[in-house]
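A quick write-up on the structure given underneath.
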Amino acid sequence: MKRIDKRHNDQLRPVRITRGYTKHPAGSVLMETGETRVLCTASIDDRVPFHLRGKNRGWVTGEYSMLPGS
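Throughout, the numbering used here is defined as the position within the sequence shown, counted from one, plus 40.
Dropping the structure here:
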């Protein structure tokens with residue numbers, strides 16, 4: 041089957057990565073491939089949940105959201 045963009049069946053779309061895409065989070069990156077865009081941001085907080093205090097451990101959380109029809 042031929043692709044509209046003339047790529048071979050085993051050929052990936054070019055990927056573009058833009059670091060520091062947004063100004064205020066501690067870190068951010070925009071990844072683009074074809075018409076797909078993924079924006080990732082990271083923030084840092086010095087607080088630790090109560091159940092981990094004094095145990096020399098940290099906590100990482102993640103959340104995501106997608107536009108309707110994604």
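Even glycine gets a Cβ: it sits at the ideal position worked out from N, Cα and C.
Quick check on residue i: does DSSP put it in helix, strand or coil?
{"i": "L92", "result": "helix"}
Between residue i and residue j, how many whole angstroms is the CB-CB distance? I'm expecting something under 8 angstroms.
{"i": "M71", "j": "V55", "result": "7 angstroms"}
{"i": "G67", "j": "T81", "result": "7 angstroms"}
{"i": "R59", "j": "V69", "result": "5 angstroms"}
Leaving out five residues on either side along the sequence, give the residues of the same chain with a beta carbon under 7 angstroms from the beta carbon of residue i.
{"i": "V78", "result": "M71"}
{"i": "S83", "result": "P65 and A66"}
Leaving out the 5 sequence neighbours to the left and right, which residues in its chain are closer than 8 angstroms to residue i when beta-carbon positions are compared?
{"i": "L92", "result": "G98 and W99"}
{"i": "Y61", "result": "S68, V69, L70 and L79"}
Leaving out the 5 sequence neighbours to the left and right, which residues in its chain are closer than 6 angstroms to residue i when beta-carbon positions are compared?
{"i": "T73", "result": "R53 and V55"}
Point to revise | Contiguous beta strand (DSSP E) assignments of at least 3 residues, all confined to the stretch 56-90 | key: 67-73 and 76-82
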